[in-house]
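To keep things clear, I will list the structure first and then write my remarks on it.
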Amino acid sequence: MSSNTIEKLQWRYATKRFDASKILTEEKLTILKETFNLTATSFGLQPLKLVVISKPELKEKLMPFTYHQTQVRDASHLLILCIESKINEDFILDHFKRVEGTRNTPRTILEPFEKNLIASFTEKNSQEIRDWMINQLYLTLGALLTVCAVEEIDACPMEGFEPEKYDQFLELDKRGLESVIVMPVGYRDESDFFKDLKKVRRGVEELIIDLD
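Every letter in the sequence shown is one number past the one before it in full-length UniProt numbering, and letter 174, counting from 1, is 174.
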């Protein structure tokens, strides 16, 4: 990892105040969308959706469901990371159809993997599947935060909101989705007290175990 990458990771922080006058370009927004799409997920199933909100009036209406945290209103865009409400056999079959169409992989090769994956999910209960999907979502969140740092886009991942109210107000439930994380993205306000604070981290030697 280059020193420049480390500098970018040092630069990022959970932005508390955004400059509402600064808006992400379409190019920057496309990079975030592509990052969401390209991030690794278990089995490549992508049991996720990304909702992107840019309209100021809509962000304002979401404030009460986010405990009136101003990042939601002032950031350039609000990203809502969602999981699918359920994963069924059709969802898995659709995935293998994409594999077949994209890679021209013969059905004779894919069918054993397809059957094993369907059997694996059939054995799990709904909570186990939900937990698995949330794990995939956090993988994606990590990738988004890293790319935001590299692109010098400020972000603030937030669990402090009311998912059910978001889902009802935005009708995500009707789309078969559940919101898990909201992440305002944009550019920091220079008056943000937190932007110049040093990071507080455990030492690398405390976190890393090298087994020689």
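Glycine residues also receive a C-beta, built at the ideal position from the N, C-alpha and C atoms.
Which residue comes first and which comes last in the alpha helix (DSSP H) that contains residue i?
i      : result
GLY142 : 126 to 150
ILE31  : 26 to 38
ASP167 : 163 to 169
PRO64  : Looking at the DSSP string, PRO64 is not in any alpha helix (DSSP H), and its letter there is neither H nor E.
LEU172 : Looking at the DSSP string, LEU172 is not in any alpha helix (DSSP H), and its letter there is neither H nor E.
THR5   : 3 to 11
VAL200 : It is not in any alpha helix (DSSP H) - VAL200 carries neither H nor E in the DSSP assignment.
In this structure, what does DSSP give as the bridge partners for residue i?
i      : result
PHE18  : ARG188
ILE181 : LEU81
LEU50  : LEU81
MET158 : VAL182
Given that a residue counts as buried once 16 or more other Cβ atoms are within 10 Å of its Cβ, and exposed if not, what is residue i?
i      : result
LEU58  : exposed
PRO64  : exposed
GLU178 : buried
Every unbroken alpha helix (DSSP H) inside the segment 75 to 130 [4 residues or more]: 89 to 103, 107 to 122
If you pair each beta-carbon of the segment 199 to 210 with each one of the segment 110 to 119, do three or more pairs fall below 8 Å? By the criterion of at least three beta-carbon pairs nearer than 8 Å, the segment 199 to 210 is not in contact with the segment 110 to 119.
Touching by the beta-carbon criterion (3+ pairs, under 8 Å), the segment 186 to 204 and the segment 81 to 101: no
Cβ pair count under 8 Å reaching 3, the segment 146 to 159 against the segment 41 to 60: no
Count the C-beta pairs between the segment 158 to 166 and the segment 27 to 38 that are closer than 8 Å, then say yes if the count reaches three, no if not. no
Stretch pair the segment 18 to 28 + the segment 67 to 87: three plus CB contacts closer than 8 Å: yes
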